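If you want the numbering used here, it's the 1-based position in the sequence shown plus 27.
Heads up, the beta-carbon is just placed ideally off N, CA and C, and yes, glycines get one too.
Please read these numbers as outputs of a predicted model, since none were measured by experiment.
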Amino acid sequence: MNPDQEIGPESAANQPTHSELLVYAGRLLARREFGIAELKLRLLRKWAGADQLDARVAELIAELQADGALSDQRFAESFTRSRCGRCHGPVKIRMELRQRAVPDAIIEEALLSREEDWVGLAATWLAQHCTNPLDYATKGKYYRRLVNRGFSHQQAMAALALHAPSG
28 MNPDQEIGPE SAANQPTHSE LLVYAGRLLA RREFGIAELK LRLLRKWAGA DQLDARVAEL
88 IAELQADGAL SDQRFAESFT RSRCGRCHGP VKIRMELRQR AVPDAIIEEA LLSREEDWVG
148 LAATWLAQHC TNPLDYATKG KYYRRLVNRG FSHQQAMAAL ALHAPSG
């Protein structure tokens, strides 16, 4: 059975044991890092309708945190590293981490720990996607694309200034 498959209504009466919860969580965590809220949601969705599931999932999550298998800090760092590899900016990364219910303090720490040269990252993306000199209209197009990738106004403008001189 695929770990992403949901259990049907006929199986909802099945009450997962602690070991079943642990095995499922372990399979998820073996594939990638998860945030605490994200893993909790996956476990609750898997066995929707089971009695006292919230309490058992909370207990399991506390156990996984104590063992070091689950950490919002590690998840935020991994997520930030992954998104920087895709040339996403700090605004977009921050928003995506907030959507995954990672605390703001951990988000800020993860973004600061990267010590990423955000202007350099934006300029790298721009150089990969635009090899010609930029005229005024093209600058506007690439400015919007940089902002949509999560770079601030200042970062996008600085990256455009670093690009080859206008035509």
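- Within the stretch 117–150, no beta strand (DSSP E) run of at least 3 residues lies entirely inside it.
- The continuous alpha helix (DSSP H) containing S105 extends over residues 99–112.
- Measuring C-alpha to C-alpha distances from F61 to each of S46, V129, R172, E136 identifies V129 as the nearest.
- In this structure, the beta-carbon distance from A89 to V146 does not fall below 7 Å.
- Collapsing the DSSP output to three states places W152 in a helix.
- Burial check for R125: the Cβ neighbour count within 10 Å stays below 16, so the residue is exposed.
- If you draw a straight line from the Cα of E65 to the Cα of R127, it comes to about 6 Å.
- Look at the beta carbons and you see the stretch 104–116 not touching the stretch 73–89: under three pairs across the two are nearer than 8 Å.
- The three-state reading of DSSP puts T165 in helix, counting H, G and I together.
- For I133 against Q100, the beta-carbon gap comes to about 6 Å, under 8 Å, which counts as contact.
- In this structure, the beta-carbon distance from L189 to A150 falls below 7 Å.
- In this structure, the straight-line span from the alpha carbon of P160 to that of V118 is close to 27 Å.
- In the DSSP assignment, Q182 falls within the unbroken alpha helix (DSSP H) covering 180–189.
- With respect to R110, I120 sits close: the two C-beta atoms are nearer than 7 Å.
- In this structure, F178 is the residue among W74, F178, T165 with its C-alpha nearest to the C-alpha of D144.
- Straight-line spacing of the CA atoms in A85 and M122 works out to 25 Å.
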